[in-house]
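Undergrad: Residue numbering for the sequence shown is 675 to 904, as defined by the numbering used here. Dumping the structure here so I can ask a few things about it.
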Amino acid sequence: MGLSTQTFTDKSALVKAFADEILNILEKGIAKSGRASLVVSGGSTPVPLFKELSLRDLAWSKVDITLADERWVDESHADSNTRLVKENLLQNKASSAHFVSLYSHHSDASEGIAEAEARLSSLSQPFDVLILGMGEDGHTASLFPCSEQIDEGLSLSSGRVCLAVQPNTAPHQRISLSLPALLNSKNIFLHLTGDKKKAVLQDAMQNHTEREKPITAVVNRAPVTLMWAP
675 MGLSTQTFTD
685 KSALVKAFAD
695 EILNILEKGI
705 AKSGRASLVV
715 SGGSTPVPLF
725 KELSLRDLAW
735 SKVDITLADE
745 RWVDESHADS
755 NTRLVKENLL
765 QNKASSAHFV
775 SLYSHHSDAS
785 EGIAEAEARL
795 SSLSQPFDVL
805 ILGMGEDGHT
815 ASLFPCSEQI
825 DEGLSLSSGR
835 VCLAVQPNTA
845 PHQRISLSLP
855 ALLNSKNIFL
865 HLTGDKKKAV
875 LQDAMQNHTE
885 REKPITAVVN
895 RAPVTLMWAP
């Protein structure tokens, strides 16, 4: 429980060291269980990390990759996290990794929950690596403080792996892993860059409830490593 921090001089140094750490964990997972699981997040921050990982040697065909959350849009859409992962991570040496999509062709995310949960059940769990991001409002995955679904998302007794979310402050309906599903991870990383995001995190941990700043719900319940560079 709680936060440890690895600080790097710049984003490039962060990416190289972070890739080393992720590869080491995945290699050990494959050696122990035959497969390993990696849960990633969308946004611009992880793109250089995705590209770096794609160039690294690993038995990628034995790695299952999925998302902590997804916008309920087809992967042809510019805002699709699936598209982001396929274009930047599932390339080069990592092209043989097995990707598990949260999105399905239902008109409403709530109609796709059962299918997403069934797909995720095929992954080795607890997840070997979970990489989270954080918005300036303190949301992580798609656990938005502004959404009507935040209490369901933070509930440790809901029995749900996924939930449909409609944020009031961001476009698109979402599908997100629930807090208990996120916590079902052996190694949890929070990948942030810039002083502003670091200040948001510090403020969230010191001055806000989990419902107000959902990132704190993860940090309060699991060891989390912050990977940060200015």
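The beta-carbon is built from N, C-alpha and C at its ideal position, and this holds for glycine as well.
How many angstroms separate the CA atom of residue 747 from the CA atom of residue 731?
TA: Roughly 32 Å separates the two Cα atoms.
Undergrad: Nearest CA to the CA of residue 655: which residue from 722, 807, 762, 739?
TA: Since the first residue shown for the chain is 675 and the last is 904, residue 655 is missing from the structure and cannot be characterised.
Undergrad: Would you say the region 750-758 touches the region 849-866, given that touching needs at least three Cβ pairs under 8 Å?
TA: No: the two stretches stay apart, fewer than three of their Cβ pairs being nearer than 8 Å.
Undergrad: Is the number of C-beta pairs between the region 721-729 and the region 759-770 that are closer than 8 Å three or more?
TA: Judged by Cβ distances under 8 Å, the region 721-729 makes contact with the region 759-770, as three or more pairs qualify.
Undergrad: Let me check understanding here. Comparing Cα to Cα, which of 808, 719, 715, 776 lies closest to residue 795?
TA: It is 776.
Undergrad: If contact is defined by three or more beta carbon pairs under 8 Å, each pair taking one atom from either stretch, is the region 831-851 in contact with the region 882-902?
TA: Not touching, per the Cβ criterion.
Undergrad: Is the distance from the Cβ of residue 797 to the Cβ of residue 863 below 8 Å?
TA: No.
Undergrad: Mapping the DSSP letters down to three states, classify residue 744 as helix, strand or coil.
TA: Of the three classes helix, strand and coil, the one that applies to residue 744 here is strand, per DSSP.
Undergrad: Examine the Cβ distances between the region 813-832 and the region 769-785 and report whether three or more of them are shorter than 8 Å.
TA: Short answer: they don't touch.
Undergrad: Applying the 10 Å Cβ sphere with the 16-neighbour rule, what's the burial state of residue 873?
TA: So residue 873 ends up on the exposed side.
Undergrad: Roughly how many angstroms separate the alpha carbons of residue 852 and residue 744, rounded to a whole number?
TA: Answer to the nearest angstrom: the Cα atoms are 12 Å apart.
Undergrad: Going by CA-CA distance only, name the one from 749, 894, 848 that's closest to residue 784.
TA: Ranking 749, 894, 848 by Cα distance to residue 784 puts 848 first.
Undergrad: Tell whether a beta-carbon distance below 8 Å holds between residue 868 and residue 897.
TA: Contact: no.
Undergrad: Can you give, in chain order, each stretch of the alpha helix (DSSP H) that sits fully within the region 730-775 and has at least 4 residues?
TA: Counting only runs of 4 or more, we get 755-762.
Undergrad: Measuring CB to CB, does residue 892 end up less than 8 Å from residue 814?
TA: Yes, they are a contact pair.
Undergrad: Would you kindly work out how many angstroms separate the C-alpha atoms of residue 824 and residue 889, rounded to a whole number?
TA: Residue 824 and residue 889: Cα-Cα distance of roughly 12 Å.
Undergrad: Taking C-beta to C-beta, are residue 846 and residue 720 nearer than 8 Å?
TA: Not in contact: residue 846 and residue 720 (Cβ atoms no closer than 8 Å).
Undergrad: Tell me which residues share the same chain as residue 774 and place their Cβ nearer than 8 Å to its Cβ, disregarding the 5 neighbours each side in the sequence.
TA: Once the five neighbours on either side are set aside, the close Cβ partners of residue 774 are 738, 739, 740, 793, 794, 796, 797.
Undergrad: So residue 709 and residue 685 are in contact, right, with Cβ under 8 Å, and what is the actual spacing, rounded?
TA: 30 Å between Cβ atoms; not a contact.
Undergrad: When DSSP labels each residue in this structure, what does residue 807 get in the three-state scheme?
TA: Note: residue 807 maps to coil in three-state DSSP.
Undergrad: Where do the N-terminal and C-terminal ends of the alpha helix (DSSP H) with residue 880 fall, by residue?
TA: First-last of the alpha helix (DSSP H) with residue 880: 869-881.
Undergrad: Residues in its own chain within less than 6 Å of residue 749 by CB, not counting five upstream and five downstream?
TA: Once the five neighbours on either side are set aside, the close Cβ partners of residue 749 are 756, 757.
Undergrad: With DSSP run on the structure shown, which of helix, strand or coil describes residue 797?
TA: The answer is coil: DSSP assigns residue 797 none of H, G, I, E or B.
Undergrad: Quick check on the DSSP output: the beta strand (DSSP E) that includes residue 714 runs from which residue to which?
TA: Where residue 714 is concerned, the enclosing beta strand (DSSP E) stretches over 710-714.
Undergrad: Give me whichever residues DSSP pairs with residue 864 in a beta bridge.
TA: In the DSSP output, where bridge partners are listed per residue, residue 864 has 806, 900.
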